[in-house]
Each structure stands twice: as structure tokens, then as C-alpha cells.
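Read top to bottom, the protein sequences are chains A and B.
Taking my numbering, the leading residue of the first sequence gets 59, the next gets one more, and so forth.
Taking my numbering, the leading residue of the second sequence gets 125, the next gets one more, and so forth.
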Amino acid sequence: NAGVTQTPKFQVLKTGQSMTLQCAQDMNHEYMSWYRQDPGMGLRLIHYSVGAGITDQGEVPNGYNVSRSTTEDFPLRLLSAAPSQTSVYFCASSYAHGVRGRNEQYFGPGTRLTVT
Amino acid sequence: GENVEQHPSTLSVQEGDSAVIKCTYSDSASNYFPWYKQELGKRPQLIIDIRSNVGEKKDQRIAVTLNKTAKHFSLHITETQPEDSAVYFCVVESSGTYKYIFGTGTRLKVLA
Numbered sequence: 059n060a061g062v063t064q065t066p067k068f069q070v071l072k073t074g075q076s077m078t079l080q081c082a083q084d085m086n087h088e089y090m091s092w093y094r095q096d097p098g099m100g101l102r103l104i105h106y107s108v109g110a111g112i113t114d115q116g117e118v119p120n121g122y123n124v125s126r127s128t129t130e131d132f133p134l135r136l137l138s139a140a141p142s143q144t145s146v147y148f149c150a151s152s153y154a155h156g157v158r159g160r161n162e163q164y165f166g167p168g169t170r171l172t173v174t
Numbered sequence: 125g126e127n128v129e130q131h132p133s134t135l136s137v138q139e140g141d142s143a144v145i146k147c148t149y150s151d152s153a154s155n156y157f158p159w160y161k162q163e164l165g166k167r168p169q170l171i172i173d174i175r176s177n178v179g180e181k182k183d184q185r186i187a188v189t190l191n192k193t194a195k196h197f198s199l200h201i202t203e204t205q206p207e208d209s210a211v212y213f214c215v216v217e218s219s220g221t222y223k224y225i226f227g228t229g230t231r232l233k234v235l236a
């Protein structure tokens, strides 16, 4: 049971380049989400999904796209990278209806992205 | 949308003392309030959570209290140990939307 996995661990992009951050989970969780973490700002929700074929915007969705074609995978696409997107990106997953109301989110190890 | 404020941003305590971190939120319909701990260079992990129909919950040395009327909740850590040193985040789920809003974090340092 690998839990939540993310690739790559590190990435450097030039302004204007596009790329996809990969996220996968093997816990059959309905809910998956993407956050970015910047110093002093906590984690901010980018996009989330409550099941295959269903996605919605979080707090900071601009410049990012997502899709959810399977329960296991939830890739995050940067359309045209900008220096403001330099951050650590975390993917997370949980059951949509937690056991006894506990919706514990399991986080991946993170991807550190630098845009120059 | 939901607004979450967390205080203090840094907190230093002597080993064995208690630590308290407070969060306020804006949406009175919010009903799920977890706390996550993030050690340096690692991923966040859930340490305790509470739902709006409960006023207090305890798990060994950690406890969370919720005041729905005042829209604030707090994390209490007793008998602090060096391994409690980390960044702690309060989180609010906006009324069943699956939108989790994180506070800005509190860096706790437990001094030996």
C-alpha cells in the first residue's frame, strides 16, 4: 500500500513552459485535492475532486487545470508557468464520507517547483 | 468565502509546559475542524479533529475545543515534548463543500 504518491519530487521550469504534476493513490479514496504551500501562507486549495469525472475550483485555481478520469489519478497541469507559481505542491486524498465523520486527508510527499 | 485566522504564528514553550493555538473562522455553517501537524521537510498529518456537534475532544496529550457561537476553536497540547516541535495548521471545511481552508500555521518550538 503506497498511499499517496507524487512525481516528480523536484522540477525547474522556465517561464511559459507547461508541465503536469502527477498524483496517484491506492486507497480507493473518492476525494482528491491539490494544495500549494508558500512560506507564511499555509496550504491553499487549488482544485479538488469528489470522484471520477467531477472536479471543482478551490481558493487559487488560476493558471492550473485538473482532470479526474480514474479514481486513482489526479494530475495537475500548469498551462504556462510563471515565477508566482514557484511553490511546494501537495496532493491529498480522503474518503468523501469519513468513518465516524473523520475525513482524514492523506498527503503525498510534495513536489518542489521552481519557475525561473 | 471562508476566512480562517490562526494565532500565534510562532510559539516557544519549555518542555513539560502547555501550548495553546487558536483559530477563528467566518462561516457559521462550517462544521468540520481538523488540526494537522507538519514536521520540517515532511507532509502534513492529521492529529485531531472535531465536528460542530461536539464542544471538546481529547486524545492523550492533545485536545481541541470548539466554540461555535464565537466561531473559534483551539488546540491544546499538555506536557510538551521536543518531538512536538513542528508547524501546526488549523483547518475549516466550509459546510460540506469539501473545500478545506487552512490557517497560516503556528511554528511551535519546545525548548529542552
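We put the beta carbon where it would ideally sit given N, CA and C, even for glycine.
The structure displayed is predicted, hence computed values, not measured ones.
Alpha-carbon spacing of residue i relative to residue j, whole angstroms
| i | j | result |
| --- | --- | --- |
| C81 (chain A) | I201 (chain B) | 33 Å |
| L135 (chain B) | G229 (chain B) | 11 Å |
| S218 (chain B) | R167 (chain B) | 23 Å |
| L170 (chain B) | K67 (chain A) | 22 Å |
| Y222 (chain B) | S152 (chain A) | 10 Å |
| Q69 (chain A) | N191 (chain B) | 43 Å |
| G140 (chain B) | G166 (chain A) | 32 Å |
| V215 (chain B) | Q64 (chain A) | 23 Å |
| Q130 (chain B) | N177 (chain B) | 22 Å |
| V128 (chain B) | A153 (chain B) | 13 Å |
| Q138 (chain B) | P206 (chain B) | 9 Å |
| T193 (chain B) | L199 (chain B) | 17 Å |
| S125 (chain A) | T169 (chain A) | 18 Å |
| Y106 (chain A) | C149 (chain A) | 10 Å |
| D96 (chain A) | S142 (chain B) | 28 Å |
Neighbourhood of residue i by C-beta, 7 Å cutoff - its chain only, sequence neighbours within 5 removed
| i | result |
| --- | --- |
| V173 (chain A) | L71, T73, A139, A140, P141, Q143, T144 |
| G121 (chain A) | L136, L137, A140, Q143 |
| E130 (chain A) | A82, Q83, D84 |
| R185 (chain B) | I201, T202, E203 |
| D208 (chain B) | I201, L232, V234 |
| T128 (chain A) | A110 |
| A210 (chain B) | K161, Q162, E163, L232 |
Contact with chain A by residue i, beta-carbon distance below 8 Å
| i | result |
| --- | --- |
| F197 (chain B) | no |
| L232 (chain B) | no |
| Y212 (chain B) | no |
| T134 (chain B) | no |
| F157 (chain B) | no |
| R185 (chain B) | no |
| L164 (chain B) | no |
| K223 (chain B) | yes |
Spatial neighbours of residue i in its chain, beta-carbon cut-off 8 Å, leaving aside the 5 residues before and after
| i | result |
| --- | --- |
| V108 (chain A) | E88, Y89, D114, A154 |
| V118 (chain A) | R94, R102, L103, I104 |
| N59 (chain A) | D84, M85 |
C-beta neighbour in chain B for residue i, strict 8 Å
| i | result |
| --- | --- |
| G166 (chain A) | yes |
| L101 (chain A) | yes |
| Q163 (chain A) | yes |
| Y89 (chain A) | yes |
| Y46 (chain A) | The structure shown does not extend to residue 46 (chain A), since chain A is modelled only from 59 through 174, so no value can be given for it. |
| F148 (chain A) | yes |
| G116 (chain A) | yes |
| G98 (chain A) | yes |
Cβ shell of residue i (< 6 Å), same chain only, five flanking positions each side left out
| i | result |
| --- | --- |
| T78 (chain A) | P133, R135 |
| P158 (chain B) | L170, D173, V215 |
| V189 (chain B) | Note that residue 189 (chain B) corresponds to Thr in the displayed sequence, not to Val. So the list reads E180, S198, once near-sequence residues are dropped. |
Distance between beta carbons of residue j and residue i, contact taken as under 8 Å
| i | j | result |
| --- | --- | --- |
| F197 (chain B) | I174 (chain B) | 7 Å |
| K161 (chain B) | Y212 (chain B) | 6 Å |
| E126 (chain B) | S150 (chain B) | 6 Å |
| Y164 (chain A) | W92 (chain A) | With 8 Å as the limit, Y164 (chain A) and W92 (chain A) do not qualify as a contact, their Cβ atoms being about 14 Å apart. |
Complete beta strand (DSSP E) runs within the stretch 131 to 191 of chain B (minimum length 3 residues, chain order): 134 to 138, 143 to 149, 156 to 162, 169 to 175, 180 to 183, 186 to 191
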